[in-house]
Structure formats: structure tokens, C-alpha cells
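In what follows, a single structure is set out as C-alpha cells and then discussed.
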Amino acid sequence: MGLNFLHDHNLLALAIVIAKVVFLLVLLLQIPPLMIWLERRAPALMQRRRGPNRVGLFKWRLWGLLQSLADAIKLIFKEEIAPAGAHKALFQLAPLLGVIPAFVIVAVIPFGQTITLANGMTIPLSLTQLDVGFLFILAFSSLGVYSVAVAGWASNSKYSLLGSLRASAQMISYEIPLGLSLIPIVLIYGTFDLNSIVAAQEQVWGVVKAPLSFVIFLVCMFAETNRAPFDMAEGEAELVAGFHTEYGSTKFAAFFLSEYVVMFVLSCLAATLFFGGWQIPFISHAWLLATFGTAVAALLGFGALLLKAAFFMWLYVWVRWTLPRFRYDRLMALGWKFLLPLGLFNILLTSVILGSY
Amino acid sequence: MMDSAPLVFYTLAALITFSSIMVVAARTPVISALFLVLDLFLLACVYASLNANFVAVIQVLVYAGAILVLFLFVIMMLNVPRVRSKPRIKALDGLLITMVMVAFLYMLYRVIAQYLSPLPVESAGGSNTEAVGKLLFVEHLWAFELASFLILLAMVASIVITKKRAAP
Amino acid sequence: MLVAAAVGFLLNVLSRFAGPRRPSKVKYESYECGVPTDVSKSGVRENMSVKYYVTALLFILFDIETVFLFLWAKIFSQLGWFGIVEVFIFLVVLLCGYVYVLKARALEWD
Amino acid sequence: MSPDHYYALALIMFVCGVIGITLRRNLIVIMMSIELLLNSVNLIFVAASKAHGLVDGQVMVLFIITIAACEAAVGLAMVIALYRRYGTIDTDFYRMLRG
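Chains as they are written, first to last, in the working numbering: chain A, 598 to 954; chain B, 896 to 1063; chain C, 8 to 117; chain D, 20 to 118.
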């Protein structure tokens, strides 16, 4: 990875990069409001209630879609409160520590096939192509722990601290099986690069080749984001709200922002690693390219990836309203005593099978 | 055409220097720990700029993402009341610091000398993850197996140490 | 090619700046810090369970193991059975530690 | 960029680490200073491996990180044990214990 980007390519490339960054940023900022809306409408659907459906623009109600927007505006104008005895600087810093890694990890997700321009220039539809690929995602998502830990510590409140310790212990515990579940993928495809992994899934999806990995990954995905049924850390009944008990206003919003962005990235990662990424099932990519040209094909691929990711986002909500919360000791036991050996077994199994061929 | 490498390096170097100083100088251990995280992260950026991608990612994943979490946990657990640090310099300490300072000044001199007659080291080559892997698993095979023993030892030792219920 | 690699780093820098910009921009629009509320100032930070420490400790050790395994997985096709045997020994040694941890009931939360 | 630039940076970190070890009295901060030392060595390894075109340095970094993890685990376990036993992690206290 060269740092000498200033003399390698021209202004056009720079403009494209900036465009991509802006586009992704805008896309990502849409995720949390949409998800919050979904998270209020979906349970309403399941429980035969209405959910928020009033807020609208003039006479269009848009199924209450604007409710999140209204909530966001409300949060912005809320007063910021830092509890007495809180460590002021760290209290301010904690939400940022969550948002930054969440945004950075989006960079390596390939959103579509490379576009070739008329002048032969190619635009890969991921912000970056690193040979270390999803290790990069793992590394940065592991930094998310700091946000949680620092938030709890700086708040100087029992509930926050307990919640943050629980949440961070949970996050780090599930990072191990998460890492282990991805090793068979590397074994099979021989690369960390997400683009190559997607390309290799043209015929068979990763979930077929590594089903056990997918199961482990799915469980860890839920645990890593502290989502139900693993949201012990913010069990309302016992801990008020967990590590962000003392937070209000935009800092509170920032925690939610990072939570939903990480959820989105993990959904994309699941889709990319196990469900063919931007490949559209049963339609060969070469055919798409030949019929529509690179730009349209890439757009279609982008849509396919978003659809797949949307499925996982829906799964998040669905599971939250379906499964009861785990007990904390059960949660740790599941991670350390079940998923960890299972992950190791999975690795050995995969390697032996691969070695036999 | 401008070469951006020195610019990046000097920025990173300045930040690393600053955060290293802060690690030592900060009064609250939590702050030092967070500056250490920043330090490690910036180092990872330096590694990336040296084309050592794998090491850079591992640095973030293990060092910043795991080891420092352990530090943070311990700091949060112990919550030591702030100790007023009276700097006390003993003869031995003074000697040590002087020696390091001399080495540092010498190094600075070398760098300045280098600057007058630059010797470029940027060699070609992109990713070297595979090369690292091959070297590790073929040539440093025994070290690799030893590492597992080391981890085993650390695991057992630290559990034994923490488990022992000390008398009050 | 090089372009793509360079883009990677550029993006790093860019989104690192883009990340914090959003919340801080919003922050300016909100009020200043308000009345400090007095929430339990007792010494909550003491008597924390050592379990959390043990969890974090096991986490870093297994994390290292994962890193080694990732490296192995990357060049698996070139190592073949040699690599499998190598990693098998590695894992057996670590499993001894794992079994010890289980025996010591270090992972029990009660 | 010559490797000496990187070595100088590593030396700065090393100096910070040494100063931290000698001057600070909080055991945890001392351990963090040790991490600084290890990292300065890592930096030298990576820079040298780049300068000489050998990858060995990077493999060494992997091992150093492993060792750092083990060292931190055992060291912090000892810090916790000491804290439980004596209720402090100030080195001056333990200096007195030496008698």
C-alpha cells in the first residue's frame, strides 16, 4: 500500500475517491434512522399494534418514516448533561471512540463489481482494497470496546460501570469465536481480500462450503453488537440502560449511530463472506456485464448486496422481538465453552477436508 | 511532483512522540492507557506506510484491541487513588536516563547526517503477508510451537496468581 | 493496482476525519453543559469481580492464537499437510491450557 | 526516508519508556512504559526489515507481540495480587518492604 498517492494518479481519481467517501457517508447516515423506524414498526406488526405512524410531511404520513427524523432533531436540541464526578474529557471522548471505528470499517466492504470507464480507468466499488481485507474489519471493530469501557468508567455511576464491564467482557469474549469462524473462509479461498472472496463465490456461496462458520458468525454477530438476545449489558430491568445510562443528547445519539453502523457493516460482511456479496444468484456475472455494461451491472450488484444486508438487518430486529434475553453466565458459557471449541473443531475439519483433496 | 511519504512520516512521528510523552506524563492511568492506544495505532499506520500490512493489522487487533483492553480493565478494577508523583531521581536512574539521552543525541546526529546525504530505502513490493506466513511456518517453525507453550504458560500462571486468595 | 492501494490509505485518513465531524458538528448546536446532576458518587469502582480480568486475559491469549491461525490459513494451500500437523500440535498445546482453565473453573460466572 | 529516521523515532519512544519506568510510581503506568519499550523495538524491526528487504523482522514482531501479551497477562495478574494483598500499587510502598 503506497503512501505516495499524490503522484500516482490524477485529479479525476481523487475526485472519484472523494465522491465515494461522501456517498458512503450519506448512505451510512441513513441507516440508523431507518433502522430505528424499522425497530418500532416491526414489533408493532408482530404484536398487531400500529407503532409510530403519525409523523409526516404535510399530508403524507409515509408510514411514520419521519418519526426517526423528528427524534433525531429532538435529540440534537436536548441539553447535554454530564454527571457530577464524571471525568469530563473522557465522557466527551467515549462516543467518538465508538463512531470512528464504525465508520472506518465500512471502507473495505466491496459494494459492487469494478466499473471500467471509457478511458480504460477502473473504479473498484469499495473504498479500499487491502490484502488484509477483513482482518482490517476485525481490528477496527475490536477498537469499539474502548468506547464502551471508557463511557462506563467516565460516567462514575454504578449502572454505567457494571453495564460497560459486562458489555466489554461480552464483546471481547465473542471476538474470539468471530475470528475463529472466519478462518475456514480464509482456508477455502486463500485470501483475506473481500473482493477476491466475492469473485470466488460465483458458483457456490460460502455458506454452502462453510455452514458451521456461518452459524458461529451469526451468533457472534449478534453478541458483538450487544443486541438481543445477548443484550444483557443493557438489560433495562437490572441495569437501567447499561453503559450509556448517563448519556443524553447527541452523545446518546452517537452511541446509537455507531451501533447501527456496526450492525450494518457486519450484515454486509455476512452477505459478502457467506452469501456471495454483490453476486446476483443464478445470474452469471459475465452475462450481466455483456448485457448491461459495467455501470449498470455494478449498480445491480450494489442493489443485491444491499438487499442481502437488509435481510440481516431485518433478522436483527426479528430476533430481538422473538427470543428472550440470555442470562449472563449462560452467555459467557455459550461463547467460551461452546462456540470456541466448535470454532476450533470447524477449523481442523475444514483443513483436513481441504488437505485430503 | 511532491513526495508525500516524508510528510506522512513526520506527521506520524510528531503524533507518536506527543502521545508517548503523554503516556508517561498523564496523571490519570486511564488517560495514559488511552494515549498508549493512540500511540500503538499510529505505529500501526507507520507499519502500513512501510508496506508491513499484516503486522500493522495485527498491531491494531492484538496490541490496541486486546492487550490495552486488559490494562484498561485492571485500571478500572483497581481504581487507585491518584498518587501525587514526586519525581525522585536516584543515582542509578539518573545514570540510566543520561545514557539513553546520549544515545538519543547520537541518533539525532546520525539522522541529521543522513539528511545531508539521503539514502533511500523505499524498495518496491506490495503485500508481504504470504512471505511473512511462509517464513513463520517454515523457517521459524520451532519458535511458532514455542509460542504456543508460552501462551499456555501465561494462561496457567496468571490464573494461578489471581486465584490465590491472599490474606488481608 | 497502486491506485487502489493508495485509495485505501486516503480513505483511511478521510473517513477518520469524516467520522468525528458529524457528532461534533451536531454538538455545537446543542446547549452547553447543563446542571450537573448528582448520581451516586460512592466508590463503585472498587470491588470489581476478578472474573472480568480473567476474561480479558483469556481473550488476549486466544486472540494471539487466532492471529497465528489466520496467517496459517492464508498460506494453507502452500503448506498442505505439513501445515495441518504443525497447527494441530499448536492447538493441542493450547487445548491443554483451555482444559486447565475449565478445570480451574475460571470461566464460571456465579 | 532513511531507516535512521525510523530508528530515531523508536529511540524517542524508548526514552519515554525508560523515563516512565524510572520516574513513575504507579505499577500499571510502569507496565505501560514497558509496552512502549517493546513497541520501539518493534518499530526498529519493521523499519530494518523494510530497509534490508528481509521479512524476518516482521516475523519477529509477531513473536514480540505474543511475548508482550503474555507479559501483560502475567504482570497484571501480579499487580492485581499485590493490590489485593497490600491495597496499593505504589512502588514506593514496595520499596519500603525491601527493608
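All C-beta atoms in this analysis are idealised placements derived from N, C-alpha and C, irrespective of residue type, glycine included. Just so we're clear, the structure is a prediction, and the values are computed from it rather than from any experiment.
Beta carbon of residue i nearer than 8 Å to that of residue j
i: A/Pro707; j: A/Gly874; result: yes
i: B/Gln1046; j: D/Ile84; result: In the sequence as presented, Gln is not what sits at residue 1046 of chain B; that position holds Ile. No.
i: A/Ser810; j: A/Ile782; result: yes
i: B/Thr1057; j: C/Val61; result: yes
i: A/Ile813; j: A/Gly940; result: yes
i: C/Lys81; j: A/Gly730; result: no
i: D/Gly76; j: D/Leu55; result: no
i: D/Leu95; j: D/Met51; result: no
i: A/Leu784; j: C/Phe69; result: no
i: A/Gly803; j: C/Trp88; result: no
i: A/Tyr771; j: A/Ala820; result: yes
i: D/Phe64; j: B/Val995; result: no
i: B/Val955; j: B/Ala939; result: yes
i: A/Phe872; j: A/Lys905; result: yes
i: A/Ile734; j: A/Ile780; result: no
i: A/Ala736; j: A/Ser765; result: no
i: B/Ala1042; j: D/Phe82; result: yes
CB contact below 8 Å: residue i versus chain A
i: C/Ala5; result: Only positions 8 to 117 of chain C appear in the structure, and residue 5 of chain C is not among them; the question remains open.
i: C/Tyr59; result: yes
i: B/Phe966; result: no
i: C/Gly87; result: yes
i: B/Met971; result: yes
i: C/Phe75; result: no
i: C/Ile71; result: no
Separation of residue j from residue i, as counted between CA atoms
i: D/Arg103; j: D/His24; result: 44 Å
i: A/Ala851; j: C/Val92; result: 47 Å
i: C/Val108; j: A/Ala796; result: 41 Å
i: A/Phe889; j: A/Gly898; result: 12 Å
i: B/Ala943; j: A/Phe700; result: 19 Å
i: B/Ser980; j: D/Thr41; result: Model confidence at B/Ser980 stands at a pLDDT of 49, short of 50, so the residue's coordinates are unreliable and nothing is read from them.
i: B/Leu927; j: D/Ile47; result: Reading off the sequence, residue 927 of chain B comes out as Ser, not Leu. C-alpha separation (whole angstroms): 10 Å.
i: A/Phe935; j: A/Asn943; result: 12 Å
i: C/Leu102; j: C/Leu76; result: 14 Å
i: A/Met929; j: B/Ala909; result: 42 Å
i: C/Glu72; j: A/Leu777; result: 9 Å
i: B/Pro924; j: D/Asp109; result: 12 Å
i: B/Ala1049; j: B/Val997; result: 36 Å
i: A/Leu966; j: A/Arg922; result: Any answer about residue 966 of chain A is impossible in this case: the structure gives chain A only from 598 up to 954.
i: C/Phe97; j: B/Glu1040; result: 6 Å
i: A/Ser864; j: C/Arg112; result: 35 Å
i: B/Leu951; j: B/Tyr1001; result: Reading the sequence as shown, one finds Ala at residue 951 of chain B and not Leu. So the alpha carbons of these two residues sit roughly 29 Å apart.
i: D/Leu116; j: B/Val919; result: 25 Å
i: A/Leu621; j: D/Leu101; result: 50 Å
i: A/Asp668; j: A/Leu625; result: 18 Å
i: A/Ser744; j: A/Ala691; result: 5 Å
i: A/Leu762; j: A/Asp926; result: 14 Å
i: A/Ala867; j: A/Phe908; result: 10 Å
i: B/Leu973; j: A/Trp933; result: 25 Å
i: A/Leu945; j: C/Val94; result: 9 Å
i: A/Ala616; j: A/Leu896; result: 15 Å
Beta carbon proximity, residue i to chain D, threshold 8 Å
i: B/Leu938; result: yes
i: C/Val51; result: Interpretation of C/Val51 is limited by its pLDDT of 43, a score under 50 that renders its predicted location unreliable; the figure taken from the coordinates is listed afterwards. No, C/Val51 does not count as interfacial toward chain D.
i: C/Leu64; result: yes
i: B/Ala928; result: yes
i: B/Ala959; result: no
Chain B contact for residue i (CB, 8 Å cutoff)
i: D/Cys63; result: Checking the sequence, you will find Ile at residue 63 of chain D rather than Cys. Cβ-Cβ to chain B under 8 Å: no for D/Ile63.
i: D/Ile53; result: no
i: A/Tyr771; result: no
Cβ of residue i within 8 Å of any chain C Cβ
i: B/Ile1046; result: yes
i: A/Glu955; result: In the structure as shown, chain A begins at 598 and stops at 954. Residue 955 of chain A is therefore absent and cannot be evaluated.
i: D/Thr107; result: no
i: D/Ile31; result: no
i: B/Leu1036; result: yes
i: B/Ser945; result: The sequence given here has Leu at residue 945 of chain B, not Ser. No - not a single Cβ of chain C is within 8 Å of the one on B/Leu945.
i: D/Ala92; result: yes
Check: residue i C-beta below 7 Å from any heavy atom of the ligand GTP
i: B/Ile992; result: The model on display carries no ligand, and the ligand GTP is accordingly not part of it.
Inspect the CB distances between the stretch 1032-1048 of chain B and the stretch 950-965 of chain B and report whether three or more fall short of 8 Å. no
Any 3 or more C-beta pairs closer than 8 Å across the stretch 690-702 of chain A and the stretch 905-924 of chain B: no
Validate contact between the stretch 59-70 of chain D and the stretch 90-106 of chain D using beta carbons, cut 8 Å, 3 pairs: no
Three-pair Cβ contact test at 8 Å for the stretch 856-864 of chain A versus the stretch 623-633 of chain A: yes
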